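Residue numbers (this note's numbering), protein chains in the order written: chain U, 1 to 254; chain B, 1 to 254.
Below: the structure, in structure tokens.
Number of protein chains: 2
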Amino acid sequence: MSETLRPLILVCNDDGFYSPGIQKLTEVAQRFGEVRVIAPDRQQSAVGHSITISQPLRANKVKMPSGLDATAVNGTPADCIKLAHDKLMDRKPDLVLSGINHGSNAGINIIYSGTVSAATEATILGYPAIAVSCSDFDEDADLSGCADAASRVIQFVLKNGLPKGVTLNVNAPAGPLKDLVWTKQADSRYVEEYDGRVDPFNRPYYWMTGKFELLENGSDLDVSVIDEGKASVTPIQYDLTAHGFFHEIKKNVL
Amino acid sequence: MSETLRPLILVCNDDGFYSPGIQKLTEVAQRFGEVRVIAPDRQQSAVGHSITISQPLRANKVKMPSGLDATAVNGTPADCIKLAHDKLMDRKPDLVLSGINHGSNAGINIIYSGTVSAATEATILGYPAIAVSCSDFDEDADLSGCADAASRVIQFVLKNGLPKGVTLNVNAPAGPLKDLVWTKQADSRYVEEYDGRVDPFNRPYYWMTGKFELLENGSDLDVSVIDEGKASVTPIQYDLTAHGFFHEIKKNVL
Chain U
1 MSETLRPLIL VCNDDGFYSP GIQKLTEVAQ RFGEVRVIAP DRQQSAVGHS ITISQPLRAN
61 KVKMPSGLDA TAVNGTPADC IKLAHDKLMD RKPDLVLSGI NHGSNAGINI IYSGTVSAAT
121 EATILGYPAI AVSCSDFDED ADLSGCADAA SRVIQFVLKN GLPKGVTLNV NAPAGPLKDL
181 VWTKQADSRY VEEYDGRVDP FNRPYYWMTG KFELLENGSD LDVSVIDEGK ASVTPIQYDL
241 TAHGFFHEIK KNVL
Chain B
1 MSETLRPLIL VCNDDGFYSP GIQKLTEVAQ RFGEVRVIAP DRQQSAVGHS ITISQPLRAN
61 KVKMPSGLDA TAVNGTPADC IKLAHDKLMD RKPDLVLSGI NHGSNAGINI IYSGTVSAAT
121 EATILGYPAI AVSCSDFDED ADLSGCADAA SRVIQFVLKN GLPKGVTLNV NAPAGPLKDL
181 VWTKQADSRY VEEYDGRVDP FNRPYYWMTG KFELLENGSD LDVSVIDEGK ASVTPIQYDL
241 TAHGFFHEIK KNVL
């Protein structure tokens, strides 16, 4: 295949262009195609699918720690994908990757995840997209298993494509890859979330803490699979309609 | 029914505690129970399901323009619900309402909506929850139809409850209520999103603009129903698993 026909891969994340995770994912992407990195200029964790509507965005050329040229955007992960799509790409990407996030995006974390939102935004805009996260928060964690999982999922998507509206959400533990399985989003939530304190002026304030609580069990759930040391691939969608309830209730007059 | 047995209703939004929409929704809520308003201290549109993890939150007693006591939180809509649940409520609410948002939260807007995220967060935490939005952005728009739609949906939920994991997303045009129908989230997206400009120092910057584009047609879609002047109720869920594709693909080795 000639150089110009190699797939064009756009890489984004939510930890910023300088994070170890995005260096690693960029290395993986380079095995499969030509790579453009367009990512937030700073850490943007837990921004969910936030977008910037009241401030202008800027896109600056930067060097990644790996030496690769990248574009840093003063916005959220979803902003990066939207701006890349509309203004910053010389041609349309064949694949969009987001990550590797430092921290799990399995279970309810999907809802809060900036990493996943970048991939979802790409899906909305019509691109095949994959989010990749390491369940270990440590920035020095061994990302080799995440990279190998990402590599296999990228091959799958470049070969088979993805159905319209479907994004793949990959999570893997730190360390070498053990196994890679298809999963569903585990029902889960956070409990005891706030540490209430009093400031020097006797006014209360609250730090978010919180314990992750798994609300269901099953061998095909993302959280359970990762707890077993395996890597997980969850197909997710941006159609939030509760179709089962809709079909049950639609004849009822309100 | 004695005062103490009336349902407790928590009201939130994403436009801030002083917006006309939350005054109106609070009035509606007061017909059905005892009301607590816990809402952002400022406008938080398009924050999606963003949460605050690196800064402490504060909750201050304020007076709403309507004269009602409320609590203003320096965070996102999802933060308000989490903090209310964990720290700020004297007893657990029987129902959580979010809105009335000034602007549509139908179709792809659901993904970016802070209003919807407050209701979704309440669902995650186990409460029946309803988001309400007016498709007119004008802060002076006639919200009577939205209020009547909200009233009927509140009655439905107080009588029937909601299945676990399901949130109701209500949208109505400005003006009197014509009809109220069950709908699905319409596939849609924004196109031509950025207005690129050059600053006085010759550096480019980008304002988000964008045209809403409907990608499917159908008489049971939220966007279509609202375009016909009716009010729409869409059951949505926080389980993002693409179940159809999962069941099709799960036997395939990656």
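Glycine included, every Cβ here is placed at the ideal spot set by N, Cα and C.
Computed from a predicted model, the values in this text were never measured in an experiment.
* **Residue-level contact to chain B via CB, residue 86(U), 8 Å cutoff** => yes
* Looking at residue 9(U) and residue 39(U), is the spacing between their C-beta atoms short of 8 Å? -> With contacts defined by Cβ atoms closer than 8 Å, residue 39(U) and residue 9(U) do not form a contacting pair.
* To do: Compute the distance between the beta-carbons of residue 256(B) and residue 94(B), then report whether it is under 8 Å.
  => Any question about residue 256(B) goes unanswered here, given that chain B covers just 1 to 254.
* Taking C-alpha atoms, which residue in 135(U), 111(U), 12(U) lies nearest to residue 177(U)? -> Closest by alpha carbon: 135(U).
* Is any beta-carbon of chain B found at less than 8 Å from that of residue 246(U)? -> yes
* Asked: Less than 8 Å separating the beta-carbons of residue 105(B) and residue 169(B)?
  -> yes
* When the Cα of residue 212(U) is compared with those of 201(U), 192(U), 139(U), 163(U), which residue comes out closest? -> 192(U)
* Which residues in the same chain as residue 69(B) place their Cβ atom closer than 7 Å to its Cβ, once the five residues preceding and following it in sequence are excluded? -> 61, 63
* **Any chain B beta carbon closer than 8 Å to residue 193(U)** => yes
* **Candidates 249(U), 149(U), 71(U): closest to residue 24(U) by CA position** => 149(U)
* Among residues of its own chain, excluding the 5 on either side of residue 75(U), which ones have a beta-carbon nearer than 6 Å to its beta-carbon? -> Same-chain partners within the cutoff: 52, 57.
* Is residue 245(U) helix, strand or coil when you go by DSSP? -> helix
* When the Cα atoms are used, what is the spatial distance from residue 2(U) to residue 82(U)? -> With a pLDDT of only 46 at residue 2(U), under 50, the local geometry of the prediction cannot be trusted, and no value is derived from it.
* **Assigned exposure category for residue 164(U) - 16 Cβ within 10 Å defines buried** => exposed
* To do: With a threshold of 16 other CB atoms inside 10 Å of the CB of residue 216(B), please say whether the residue is buried or exposed.
  => Exposed, by the Cβ-count rule.
* To do: Give a yes or no on whether the minimum CB-CB distance between residue 262(U) and chain B is below 8 Å.
  => Since the first residue shown for chain U is 1 and the last is 254, residue 262(U) is missing from the structure and cannot be characterised.
* Partners in chain B for residue 117(U), counting only beta-carbon separations shorter than 9 Å -> 48, 49, 111
* To do: Pull up the CB-CB distance for residue 185(U) and residue 241(B), whole angstroms please, since I reckon it's below 8 Å.
  => 5 Å
* Asked: For residue 119(B), does the three-state DSSP call read helix, strand or coil?
  -> helix
* Residues of chain U with CB under 8 Å from residue 235(B), in chain order? -> 241, 242, 245, 246, 249
* Asked: Closer than 8 Å, CB to CB, is residue 173(B) near chain U or not?
  -> no
* Asked: Hey, how far is the Cα of residue 46(U) from the Cα of residue 226(B)?
  -> 32 Å
* Start and end of the beta strand (DSSP E) containing residue 101(U)? -> 95 to 102
* Asked: Are residue 123(U) and residue 49(U) close, meaning C-beta to C-beta below 8 Å?
  -> Between residue 123(U) and residue 49(U), the C-beta gap is not smaller than 8 Å, which leaves the two residues out of contact.
* Do residue 236(B) and residue 235(U) have their C-beta atoms closer together than 8 Å? -> no
* Check the Cβ-Cβ distances between residue 138(U) and every residue of chain B, and say whether any is below 8 Å. => Not one chain B Cβ lies under 8 Å of residue 138(U).
* Neighbouring residues, chain B, relative to residue 52(U) (Cβ below 7 Å) -> Among the residues of chain B, those whose CB is under 7 Å from the CB of residue 52(U) are 208, following chain order.
* Per-residue DSSP class, three states only, for residue 27(B) -> helix
* Asked: If the cut is a Cβ gap below 7 Å, which residues of chain B does residue 108(U) touch?
  -> 124
* Asked: In whole angstroms, what separates the C-alpha of residue 15(B) from that of residue 96(B)?
  -> In this structure, the straight-line span from the alpha carbon of residue 15(B) to that of residue 96(B) is close to 16 Å.
* Asked: On the three-state DSSP scale, how would you describe residue 11(U)?
  -> In the structure shown, residue 11(U) sits in a strand (DSSP, three-state: E or B).
* Listing by chain order, which chain U residues have their CB less than 7 Å from the CB of residue 56(B)? -> 205, 206, 207
* Asked: Any idea what DSSP makes of residue 69(U), helix, strand or coil?
  -> strand
* To do: Report the neighbours of residue 189(U) on chain B: residues whose CB is nearer than 9 Å to its CB, in chain order.
  => 124, 125, 126
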